[in-house]
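Undergrad: Take this structure, written in structure tokens, and hold onto it; I'll ask about it next.
Residue numbers (the numbering used here): 31 to 230.
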């Protein structure tokens, strides 16, 4: 039935039903817990090395439902300072012959304030879960002002994160990958590190 739906609609349908199952107390039927195999990386203790990367839950709205799968960490986002719609639909395409999807979403999200409300409403981190928060820049922010967007998001997500990921890799955000240049990356990370030390 899911494959008869638009790929993006199927994505939301599945996540909404996952949360419904969680609220009904059926989370134990969803997945089996993964055996502990702890790792400590950069001072963060992960209960096991199997985690969920950012992109599945862009707004942090499904954290507790996803936790039922026994992940060693859950990363949500990418979130930007202001809400943005992302690219026009359709923007998610199935490749059945390769068991794959093509994602051209374009950092669609509800903005960092709504994101933080969702994160605060979840119980995952309070119950000891490792929560990564992934930050990006708005599509209409000039690349020369990108650091402002990352700083804005960092200052808001930092108190709620086990770790923060700085997303500079999306090919769907114009000029974003310019930040991967050696001098650009050094400048951005130096700015963010100074802010992180102030926030710690």
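Ideal placement from N, C-alpha and C gives every residue a C-beta, glycine not left out.
To which residues does DSSP link residue 112 through a beta bridge?
TA: In DSSP, residue 112 forms no bridge with anything.
Undergrad: The beta strand (DSSP E) that contains residue 124, what's its start and end?
TA: From DSSP, the beta strand (DSSP E) with residue 124 extends over 122-125.
Undergrad: Kindly list the residues whose CB is nearer than 7 Å to the CB of residue 67, restricted to its own chain and excluding five residues on each side of it in sequence; keep chain order.
TA: These residues qualify, in order along the chain: 78 and 79.
Undergrad: When DSSP labels each residue in this structure, what does residue 130 get in the three-state scheme?
TA: Here residue 130 sits in strand by DSSP.
Undergrad: Going by alpha carbons, who is nearest to residue 173 out of 96, 230 and 208?
TA: Among 96, 230 and 208, the Cα nearest to that of residue 173 is on 208.
Undergrad: In this structure, what does DSSP give as the bridge partners for residue 103?
TA: The partner list for residue 103 (beta bridge, DSSP) reads 81.
Undergrad: Would you list the residues sitting across from residue 165 in a DSSP beta bridge?
TA: Residue 165 is bridged to 109 and 196.
Undergrad: Sorted by chain position, which residues of the same chain lie with C-beta nearer than 8 Å to residue 143's C-beta, five sequence neighbours on each side aside?
TA: Closer than 8 Å at Cβ, skipping near neighbours: 186.
Undergrad: Between the Cα of residue 100 and the Cα atoms of 135, 125 and 158, which residue gives the shortest distance?
TA: That would be 158, whose Cα lies nearest to the Cα of residue 100.
Undergrad: Name, in chain order, the residues that DSSP records as bridge partners for residue 33.
TA: According to DSSP, which records beta bridges pairwise, residue 33 is partnered with nothing at all.
Undergrad: Report yes or no: do three or more beta-carbon pairs, one from the segment 187-206 and one from the segment 163-178, lie closer than 8 Å?
TA: Yes, since at least three Cβ pairs between the segment 187-206 and the segment 163-178 fall closer than 8 Å, the two stretches touch.
Undergrad: Under DSSP, the beta strand (DSSP E) around residue 221 begins and ends at which residues?
TA: First-last for residue 221: 212-229, but that is the alpha helix (DSSP H), not the beta strand (DSSP E).
Undergrad: On the three-state DSSP scale, how would you describe residue 153?
TA: Three-state result, residue 153: coil.
Undergrad: On the DSSP letters alone, give me the boundaries of the beta strand (DSSP E) that residue 75 sits inside.
TA: Per DSSP, residue 75 belongs to the beta strand (DSSP E) from 74-76.
Undergrad: Which of helix, strand or coil does DSSP assign to residue 47?
TA: Residue 47 falls in the helix class under three-state DSSP.
Undergrad: How many angstroms separate the CA atom of residue 56 from the CA atom of residue 97?
TA: If I take the Cα positions, the gap works out to 13 Å.
Undergrad: Spatial neighbours of residue 45 within its chain, please: C-beta separation below 6 Å, excluding the five flanking residues on both sides.
TA: Hits under 6 Å: 92.
Undergrad: How would you write the range of the alpha helix (DSSP H) that residue 186 sits in, first residue to last?
TA: Its alpha helix (DSSP H) spans residues 176-187.
Undergrad: According to DSSP, residue 69 sits in a beta bridge with which residue or residues?
TA: DSSP lists 76 as partners of residue 69.
Undergrad: If residue 52 sits next to residue 95, beta carbons under 8 Å apart, how far is it from one beta carbon to the other, in whole angstroms?
TA: Sure, about 4 Å apart at Cβ, within 8 Å.
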